[in-house]
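The sequence shown begins at -17 in our numbering and counts up by one. Using N, Cα and C, we set each Cβ at its ideal position, and we do this for glycine too. I have placed the structure first, in the form of C-alpha coordinates, so that the comments after it can refer back to it.
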Amino acid sequence: MRNVVAAPATNDVQGRRYLHFSTPTSAKDYYKILGVTKDAKDSDIKKAYYQLAKKYHPDTLSDKDKRASYDQGGQTERNFGGWQYQSSRSAEDIFRSMFGNIKMDPFSGFAETADGFGAAEEVAVNLSFEEATRGAVKNVTYNSIENCFKCSGSGVELGYKKVSCPYCNGTGVVSSNRGGFFFQSTCVRCRGSGSFNKNPCHDCEGHGTNVQRRTSSVNIPAGVSHGQRLRLNVGRNTLYLLLNVADSLIHKREGFNVHTDVTISVAQAILGGTVNVPGIYEDNIIKVQPGTSSHTDYMLRGKGIKRLDQAGSGDQYIHIKIQVPKQLTERQRALIQAWAELETNTRGTVNTIKKTVDGEKKTKTEADEQAKTDDKAKEGENNDGDSLLKKVKHALFG
(Lines of atoms letter the chains of each structure in order from A and count residues from 1; the text may use other names and numbers.)
(Lines give C-alpha, C1' and ligand atoms only; values in the text may rest on other atoms or scores of the structure.)
Protein backbone atom coordinates (compact mmCIF):
# COMPACT_ATOMS: atom_id res chain seq x y z
CA MET A 1 0.00 0.00 0.00
CA ARG A 2 1.48 3.35 -0.95
CA ASN A 3 0.27 6.91 -0.69
CA VAL A 4 0.39 9.05 -3.81
CA VAL A 5 1.47 12.63 -3.38
CA ALA A 6 0.35 15.05 -6.05
CA ALA A 7 3.71 16.73 -6.48
CA PRO A 8 4.87 16.61 -10.11
CA ALA A 9 8.53 17.39 -10.66
CA THR A 10 9.54 20.33 -12.81
CA ASN A 11 11.57 20.31 -16.05
CA ASP A 12 9.64 17.39 -17.50
CA VAL A 13 11.85 14.88 -19.30
CA GLN A 14 10.36 12.11 -21.49
CA GLY A 15 6.79 12.56 -20.33
CA ARG A 16 5.15 13.39 -17.03
CA ARG A 17 6.81 12.65 -13.76
CA TYR A 18 5.17 11.88 -10.43
CA LEU A 19 6.53 11.81 -6.92
CA HIS A 20 4.92 9.46 -4.43
CA PHE A 21 5.67 7.34 -1.42
CA SER A 22 6.57 3.71 -1.72
CA THR A 23 7.14 1.04 0.86
CA PRO A 24 10.63 -0.40 0.28
CA THR A 25 10.38 -3.79 -1.39
CA SER A 26 12.53 -6.69 -0.35
CA ALA A 27 15.21 -7.55 -2.88
CA LYS A 28 17.79 -10.28 -3.29
CA ASP A 29 21.25 -9.41 -2.03
CA TYR A 30 23.25 -9.75 -5.25
CA TYR A 31 26.48 -8.93 -3.45
CA LYS A 32 25.90 -11.93 -1.20
CA ILE A 33 25.10 -14.14 -4.19
CA LEU A 34 28.36 -13.16 -5.88
CA GLY A 35 30.28 -13.46 -2.62
CA VAL A 36 31.64 -9.90 -2.66
CA THR A 37 31.26 -6.85 -0.45
CA LYS A 38 29.45 -3.66 -1.38
CA ASP A 39 32.72 -1.78 -1.75
CA ALA A 40 34.17 -4.37 -4.17
CA LYS A 41 35.76 -3.09 -7.37
CA ASP A 42 34.10 -3.61 -10.75
CA SER A 43 36.82 -6.02 -11.76
CA ASP A 44 36.20 -8.15 -8.65
CA ILE A 45 32.47 -8.26 -9.35
CA LYS A 46 33.05 -9.29 -12.98
CA LYS A 47 35.49 -11.98 -11.88
CA ALA A 48 33.00 -13.37 -9.34
CA TYR A 49 30.29 -13.34 -12.01
CA TYR A 50 32.39 -15.37 -14.45
CA GLN A 51 33.40 -17.83 -11.73
CA LEU A 52 29.79 -18.51 -10.77
CA ALA A 53 28.70 -18.67 -14.40
CA LYS A 54 31.40 -21.24 -15.08
CA LYS A 55 30.70 -23.17 -11.88
CA TYR A 56 26.97 -23.48 -12.40
CA HIS A 57 26.85 -23.70 -16.18
CA PRO A 58 24.57 -26.66 -17.06
CA ASP A 59 26.97 -28.90 -18.92
CA THR A 60 24.16 -31.41 -18.81
CA LEU A 61 24.69 -33.93 -21.59
CA SER A 62 28.33 -34.68 -20.69
CA ASP A 63 27.23 -35.96 -17.28
CA LYS A 64 25.51 -39.38 -17.28
CA ASP A 65 23.21 -38.71 -14.31
CA LYS A 66 22.31 -35.21 -15.44
CA ARG A 67 21.59 -36.51 -18.95
CA ALA A 68 19.24 -39.16 -17.56
CA SER A 69 17.45 -36.53 -15.49
CA TYR A 70 17.16 -34.31 -18.52
CA ASP A 71 15.79 -37.13 -20.70
CA GLN A 72 13.06 -37.78 -18.12
CA GLY A 73 11.94 -34.23 -17.48
CA GLY A 74 13.98 -32.00 -19.72
CA GLN A 75 15.32 -30.13 -16.73
CA THR A 76 18.20 -30.26 -14.31
CA GLU A 77 18.02 -29.58 -10.62
CA ARG A 78 20.59 -27.26 -9.18
CA ASN A 79 21.42 -25.61 -5.90
CA PHE A 80 22.53 -22.09 -6.64
CA GLY A 81 23.54 -19.66 -3.93
CA GLY A 82 21.47 -21.52 -1.33
CA TRP A 83 18.36 -21.62 -3.56
CA GLN A 84 17.26 -25.00 -4.89
CA TYR A 85 15.29 -24.97 -8.08
CA GLN A 86 14.83 -26.66 -11.44
CA SER A 87 15.55 -24.87 -14.64
CA SER A 88 16.47 -25.50 -18.24
CA ARG A 89 17.98 -22.01 -18.51
CA SER A 90 21.70 -21.46 -18.61
CA ALA A 91 23.59 -19.71 -15.84
CA GLU A 92 24.13 -16.82 -18.24
CA ASP A 93 20.37 -16.42 -18.68
CA ILE A 94 19.88 -16.61 -14.92
CA PHE A 95 22.44 -13.89 -14.29
CA ARG A 96 21.00 -11.75 -17.03
CA SER A 97 17.55 -12.00 -15.46
CA MET A 98 18.96 -10.78 -12.16
CA PHE A 99 21.52 -8.19 -13.27
CA GLY A 100 20.24 -7.28 -16.73
CA ASN A 101 22.27 -7.53 -19.91
CA ILE A 102 25.58 -6.73 -18.32
CA LYS A 103 28.09 -5.01 -20.55
CA MET A 104 31.33 -6.81 -19.88
CA ASP A 105 33.39 -4.23 -21.68
CA PRO A 106 36.48 -3.90 -19.47
CA PHE A 107 36.31 -0.13 -19.89
CA SER A 108 32.64 0.20 -18.87
CA GLY A 109 31.07 0.14 -15.42
CA PHE A 110 29.49 -3.07 -14.16
CA ALA A 111 26.31 -1.30 -13.15
CA GLU A 112 25.40 -0.35 -16.73
CA THR A 113 22.70 -2.80 -17.83
CA ALA A 114 20.03 -3.02 -20.48
CA ASP A 115 17.43 -2.25 -17.83
CA GLY A 116 19.27 0.82 -16.60
CA PHE A 117 21.75 0.20 -13.80
CA GLY A 118 19.94 -2.86 -12.46
CA ALA A 119 17.19 -2.10 -9.95
CA ALA A 120 15.67 1.34 -9.48
CA GLU A 121 18.31 3.87 -8.51
CA GLU A 122 18.28 5.38 -5.03
CA VAL A 123 19.52 8.94 -4.64
CA ALA A 124 20.19 10.57 -1.26
CA VAL A 125 18.78 14.08 -0.90
CA ASN A 126 19.90 16.33 1.97
CA LEU A 127 17.32 18.71 3.41
CA SER A 128 17.39 21.29 6.16
CA PHE A 129 14.66 21.18 8.81
CA GLU A 130 12.99 24.20 7.22
CA GLU A 131 13.06 22.63 3.73
CA ALA A 132 11.49 19.43 5.03
CA THR A 133 8.69 21.19 6.88
CA ARG A 134 7.98 23.93 4.34
CA GLY A 135 8.77 22.13 1.09
CA ALA A 136 11.58 22.81 -1.34
CA VAL A 137 12.80 22.42 -4.91
CA LYS A 138 15.97 20.33 -5.11
CA ASN A 139 18.22 19.43 -8.01
CA VAL A 140 18.63 15.66 -8.29
CA THR A 141 21.29 14.00 -10.46
CA TYR A 142 20.50 10.48 -11.62
CA ASN A 143 21.16 7.89 -14.34
CA SER A 144 18.56 8.20 -17.09
CA ILE A 145 17.74 5.36 -19.51
CA GLU A 146 17.25 6.89 -22.95
CA ASN A 147 16.95 5.69 -26.51
CA CYS A 148 20.26 5.24 -28.24
CA PHE A 149 20.99 8.34 -30.29
CA LYS A 150 22.72 6.37 -33.05
CA CYS A 151 20.13 3.67 -33.75
CA SER A 152 17.10 5.63 -32.44
CA GLY A 153 16.25 2.78 -30.10
CA SER A 154 16.15 -0.03 -32.66
CA GLY A 155 19.32 -1.68 -31.37
CA VAL A 156 20.43 -2.43 -34.95
CA GLU A 157 23.54 -1.00 -36.54
CA LEU A 158 22.84 1.59 -39.24
CA GLY A 159 22.36 0.00 -42.66
CA TYR A 160 21.14 -3.35 -41.27
CA LYS A 161 17.86 -4.92 -40.19
CA LYS A 162 16.85 -7.66 -37.83
CA VAL A 163 16.52 -11.10 -39.36
CA SER A 164 14.27 -14.01 -38.56
CA CYS A 165 15.45 -15.83 -35.45
CA PRO A 166 17.26 -19.01 -36.58
CA TYR A 167 16.50 -20.82 -33.31
CA CYS A 168 12.71 -20.60 -33.50
CA ASN A 169 12.37 -19.90 -37.25
CA GLY A 170 10.72 -16.58 -36.49
CA THR A 171 7.87 -18.05 -34.44
CA GLY A 172 9.06 -16.85 -31.05
CA VAL A 173 8.46 -20.26 -29.47
CA VAL A 174 10.43 -23.48 -29.30
CA SER A 175 8.69 -26.87 -29.38
CA SER A 176 10.11 -30.05 -27.89
CA ASN A 177 9.04 -33.63 -27.16
CA ARG A 178 10.12 -34.73 -23.71
CA GLY A 179 9.24 -38.13 -22.40
CA GLY A 180 6.25 -38.45 -24.68
CA PHE A 181 4.92 -35.01 -23.81
CA PHE A 182 4.82 -32.08 -26.17
CA PHE A 183 6.09 -28.77 -24.77
CA GLN A 184 6.22 -25.23 -26.10
CA SER A 185 8.31 -22.51 -24.51
CA THR A 186 9.36 -18.97 -25.34
CA CYS A 187 12.52 -18.79 -27.38
CA VAL A 188 15.31 -17.70 -25.03
CA ARG A 189 17.36 -16.26 -27.87
CA CYS A 190 14.84 -13.81 -29.27
CA ARG A 191 12.72 -13.73 -26.12
CA GLY A 192 9.59 -14.43 -28.12
CA SER A 193 10.06 -11.62 -30.63
CA GLY A 194 10.78 -13.97 -33.56
CA SER A 195 13.55 -11.72 -34.82
CA PHE A 196 17.27 -11.86 -34.32
CA ASN A 197 19.64 -8.91 -34.17
CA LYS A 198 22.56 -10.16 -36.19
CA ASN A 199 24.22 -6.75 -36.39
CA PRO A 200 23.73 -4.97 -33.06
CA CYS A 201 24.38 -1.27 -32.71
CA HIS A 202 27.93 -0.62 -31.60
CA ASP A 203 26.96 2.23 -29.28
CA CYS A 204 24.26 0.44 -27.28
CA GLU A 205 25.32 -3.16 -28.05
CA GLY A 206 21.88 -3.96 -29.41
CA HIS A 207 19.93 -2.86 -26.36
CA GLY A 208 18.39 0.18 -28.03
CA THR A 209 19.02 2.24 -24.92
CA ASN A 210 21.96 3.68 -23.07
CA VAL A 211 22.45 5.50 -19.80
CA GLN A 212 22.92 9.24 -19.56
CA ARG A 213 23.67 11.37 -16.50
CA ARG A 214 20.84 13.87 -16.00
CA THR A 215 19.93 16.55 -13.46
CA SER A 216 16.34 17.60 -12.87
CA SER A 217 14.53 19.83 -10.40
CA VAL A 218 12.19 17.96 -8.07
CA ASN A 219 9.47 19.42 -5.86
CA ILE A 220 9.82 18.06 -2.32
CA PRO A 221 6.41 18.37 -0.59
CA ALA A 222 6.08 20.05 2.80
CA GLY A 223 5.97 17.72 5.79
CA VAL A 224 8.46 15.03 4.78
CA SER A 225 10.57 13.47 7.51
CA HIS A 226 14.07 12.05 7.95
CA GLY A 227 14.60 8.60 6.45
CA GLN A 228 11.50 8.82 4.28
CA ARG A 229 11.74 7.21 0.86
CA LEU A 230 10.00 8.91 -2.05
CA ARG A 231 9.45 7.38 -5.45
CA LEU A 232 9.91 9.52 -8.53
CA ASN A 233 8.92 8.46 -12.06
CA VAL A 234 10.95 10.23 -14.73
CA GLY A 235 9.80 8.95 -18.10
CA ARG A 236 10.88 5.31 -18.17
CA ASN A 237 13.14 5.81 -15.16
CA THR A 238 12.19 5.03 -11.57
CA LEU A 239 14.11 6.82 -8.83
CA TYR A 240 13.91 6.47 -5.07
CA LEU A 241 14.81 9.59 -3.11
CA LEU A 242 16.14 8.84 0.38
CA LEU A 243 15.64 11.98 2.46
CA ASN A 244 18.25 13.05 5.03
CA VAL A 245 16.74 15.82 7.16
CA ALA A 246 18.96 17.86 9.48
CA ASP A 247 17.91 18.57 13.06
CA SER A 248 16.55 21.97 14.05
CA LEU A 249 18.31 24.18 16.58
CA ILE A 250 14.95 25.48 17.80
CA HIS A 251 12.33 22.78 17.40
CA LYS A 252 12.11 19.09 18.22
CA ARG A 253 9.87 17.09 15.89
CA GLU A 254 7.46 14.40 17.02
CA GLY A 255 5.48 13.19 14.03
CA PHE A 256 3.66 16.27 12.76
CA ASN A 257 3.87 17.96 16.19
CA VAL A 258 6.78 20.13 17.28
CA HIS A 259 8.13 21.02 20.72
CA THR A 260 9.74 24.40 21.32
CA ASP A 261 11.56 25.67 24.44
CA VAL A 262 10.96 29.36 25.18
CA THR A 263 12.84 31.30 27.88
CA ILE A 264 11.32 34.20 29.82
CA SER A 265 12.86 36.57 32.37
CA VAL A 266 12.26 36.52 36.10
CA ALA A 267 10.23 39.72 35.81
CA GLN A 268 8.02 38.17 33.09
CA ALA A 269 7.49 35.09 35.25
CA ILE A 270 6.42 37.17 38.28
CA LEU A 271 4.52 40.02 36.65
CA GLY A 272 3.40 38.35 33.40
CA GLY A 273 3.66 39.75 29.90
CA THR A 274 4.06 38.49 26.33
CA VAL A 275 6.77 36.53 24.54
CA ASN A 276 7.54 35.89 20.87
CA VAL A 277 7.55 32.20 19.91
CA PRO A 278 9.29 31.05 16.70
CA GLY A 279 6.94 28.88 14.64
CA ILE A 280 7.22 26.50 11.70
CA TYR A 281 5.65 28.81 9.14
CA GLU A 282 5.31 32.05 11.15
CA ASP A 283 6.15 33.45 14.59
CA ASN A 284 3.45 33.68 17.25
CA ILE A 285 3.04 35.86 20.36
CA ILE A 286 1.71 34.19 23.49
CA LYS A 287 0.58 35.78 26.75
CA VAL A 288 2.49 34.85 29.90
CA GLN A 289 0.32 34.80 33.00
CA PRO A 290 1.61 36.45 36.23
CA GLY A 291 3.22 33.89 38.51
CA THR A 292 4.19 31.55 35.67
CA SER A 293 6.63 28.89 36.85
CA SER A 294 9.28 27.05 34.92
CA HIS A 295 8.17 24.03 32.85
CA THR A 296 4.73 25.55 32.25
CA ASP A 297 3.42 24.23 28.92
CA TYR A 298 1.28 25.89 26.27
CA MET A 299 -0.23 24.30 23.16
CA LEU A 300 -0.79 26.13 19.88
CA ARG A 301 -3.30 24.00 18.01
CA GLY A 302 -2.71 23.62 14.29
CA LYS A 303 0.65 25.42 14.41
CA GLY A 304 2.73 22.28 13.82
CA ILE A 305 3.85 20.63 10.57
CA LYS A 306 1.54 20.16 7.60
CA ARG A 307 0.29 16.59 7.25
CA LEU A 308 1.19 14.68 4.12
CA ASP A 309 -1.58 12.09 4.18
CA GLN A 310 -4.47 14.32 5.23
CA ALA A 311 -5.57 17.92 5.58
CA GLY A 312 -4.48 20.11 8.45
CA SER A 313 -1.34 20.40 10.54
CA GLY A 314 0.00 19.11 13.82
CA ASP A 315 0.29 21.14 17.02
CA GLN A 316 3.11 23.17 18.56
CA TYR A 317 3.91 22.64 22.23
CA ILE A 318 5.61 25.51 24.07
CA HIS A 319 7.74 24.68 27.12
CA ILE A 320 8.48 27.69 29.34
CA LYS A 321 11.88 28.04 31.00
CA ILE A 322 12.77 30.90 33.34
CA GLN A 323 16.15 32.45 32.65
CA VAL A 324 17.81 33.42 35.93
CA PRO A 325 20.52 36.08 35.49
CA LYS A 326 24.01 34.95 36.46
CA GLN A 327 25.34 38.46 36.98
CA LEU A 328 23.59 41.35 38.77
CA THR A 329 24.31 45.03 39.04
CA GLU A 330 24.57 46.61 42.47
CA ARG A 331 21.08 48.04 42.17
CA GLN A 332 19.61 44.71 41.08
CA ARG A 333 21.34 42.92 43.97
CA ALA A 334 20.03 45.48 46.48
CA LEU A 335 16.49 45.01 45.20
CA ILE A 336 16.73 41.24 45.45
CA GLN A 337 18.13 41.46 48.98
CA ALA A 338 15.29 43.77 49.98
CA TRP A 339 12.86 41.27 48.47
CA ALA A 340 14.51 38.39 50.33
CA GLU A 341 14.08 40.18 53.64
CA LEU A 342 10.31 40.14 53.14
CA GLU A 343 9.97 36.50 52.09
CA THR A 344 8.28 34.32 54.69
CA ASN A 345 8.05 30.94 52.94
CA THR A 346 11.73 30.33 52.23
CA ARG A 347 12.87 26.77 52.88
CA GLY A 348 16.46 26.90 54.04
CA THR A 349 18.62 29.98 53.82
CA VAL A 350 19.39 32.79 51.40
CA ASN A 351 22.98 33.89 50.86
CA THR A 352 23.82 37.25 52.54
CA ILE A 353 20.52 37.05 54.52
CA LYS A 354 20.38 35.93 58.19
CA LYS A 355 17.56 35.51 60.67
CA THR A 356 17.74 37.49 63.96
CA VAL A 357 16.57 36.31 67.39
CA ASP A 358 13.09 37.67 66.83
CA GLY A 359 12.85 35.73 63.54
CA GLU A 360 13.12 38.70 61.21
CA LYS A 361 15.47 38.51 58.25
CA LYS A 362 18.39 40.86 57.89
CA THR A 363 21.36 41.06 55.65
CA LYS A 364 24.54 39.44 56.89
CA THR A 365 26.19 42.82 57.37
CA GLU A 366 23.35 44.13 59.50
CA ALA A 367 23.31 41.00 61.65
CA ASP A 368 27.05 41.18 62.29
CA GLU A 369 26.86 44.82 63.26
CA GLN A 370 23.98 44.11 65.66
CA ALA A 371 26.04 41.45 67.46
CA LYS A 372 28.99 43.77 68.21
CA THR A 373 27.53 46.08 70.83
CA ASP A 374 24.20 46.94 72.35
CA ASP A 375 24.52 50.48 71.07
CA LYS A 376 24.89 49.26 67.53
CA ALA A 377 21.97 46.91 68.17
CA LYS A 378 19.77 49.90 69.12
CA GLU A 379 20.95 51.71 66.06
CA GLY A 380 20.09 48.68 64.03
CA GLU A 381 16.59 48.61 65.56
CA ASN A 382 16.09 52.25 64.63
CA ASN A 383 17.13 51.46 61.12
CA ASP A 384 14.63 48.60 61.12
CA GLY A 385 11.94 51.17 61.57
CA ASP A 386 12.67 52.53 58.13
CA SER A 387 10.27 51.38 55.48
CA LEU A 388 11.27 48.98 52.71
CA LEU A 389 10.61 51.71 50.19
CA LYS A 390 13.25 53.90 51.83
CA LYS A 391 15.74 51.03 51.70
CA VAL A 392 15.09 50.49 48.01
CA LYS A 393 15.42 54.20 47.29
CA HIS A 394 18.64 54.31 49.26
CA ALA A 395 20.02 51.29 47.37
CA LEU A 396 19.06 52.73 44.01
CA PHE A 397 19.77 56.41 44.39
CA GLY A 398 22.07 56.60 47.41
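Three-way DSSP call (helix, strand, coil) for residue i in this model
i, result
"G367", "Note on G367: pLDDT 46, under 50, position unreliable in the model; no value is reported."
"Y13", "helix"
"Q305", "strand"
"K285", "coil"
"Y124", "strand"
"A293", "coil"
"T220", "strand"
"R315", "helix"
"T278", "coil"
"K20", "coil"
"T256", "strand"
"G142", "According to the sequence shown, residue 142 is Tyr rather than Gly. DSSP places Y142 in coil when its eight states are reduced to three."
"Q298", "strand"
"L34", "helix"
"L214", "strand"
"I335", "strand"
"N327", "coil"
"A251", "helix"
"I262", "coil"
"S25", "helix"
"A106", "strand"
"R171", "coil"
"Q68", "The predicted model places Q68 with a pLDDT of 41, which falls under 50 and marks its position as unreliable; any figure quoted below should be read in that light. In this structure, Q68 counts as strand in the three-state DSSP scheme."
Inter-residue CB distance, residue i and residue j (contact presumed, cutoff 8 Å)
i, j, result
"H241", "Y299", "5 Å"
"C133", "G217", "Contact flag wrong, Cβ pair sits at about 18 Å."
"N239", "D297", "5 Å"
"R171", "Y149", "4 Å"
"D26", "V18", "6 Å"
"A407", "I335", "Here the chain covers residues -17 to 380 and nothing more, so residue 407 does not appear."
"A251", "T274", "5 Å"
N- and C-terminal bounds of the beta strand (DSSP E) containing residue i
i, result
"F163", "163 to 168"
"T245", "239 to 247"
"F235", "Here residue 235 is Arg; the residue named in the question, Phe, does not match the sequence. Per DSSP, R235 belongs to the beta strand (DSSP E) from 233 to 236."
"V206", "Taken as a continuous stretch (DSSP letters only), V206 belongs to no beta strand (DSSP E), as it is neither H nor E."
"N159", "155 to 160"
Beta-carbon gap between residue i and residue j smaller than 8 Å
i, j, result
"K303", "D229", "no"
"N179", "K144", "yes"
"N192", "E139", "no"
"V119", "N201", "yes"
"L225", "H208", "yes"
"V270", "V257", "yes"
"I318", "L310", "yes"
"S126", "Q194", "yes"
"C183", "C130", "yes"
"P272", "L290", "no"
"S157", "F164", "yes"
"T115", "I232", "no"
"V227", "V306", "no"
"K288", "N266", "no"
"V107", "L34", "no"
"K20", "Y31", "no"
"G188", "G152", "no"
"A204", "G117", "yes"
is_contact[residue i, chain C] using C-beta, thresh 8 Å
i, result
"L310", "In the structure shown, chain C does not exist; there is a single protein chain."
Opening and closing residue of the alpha helix (DSSP H) in which residue i lies
i, result
"Q194", "Run containing Q194: none in the alpha helix (DSSP H); it sits in the beta strand (DSSP E), 191 to 202."
"E112", "111 to 116"
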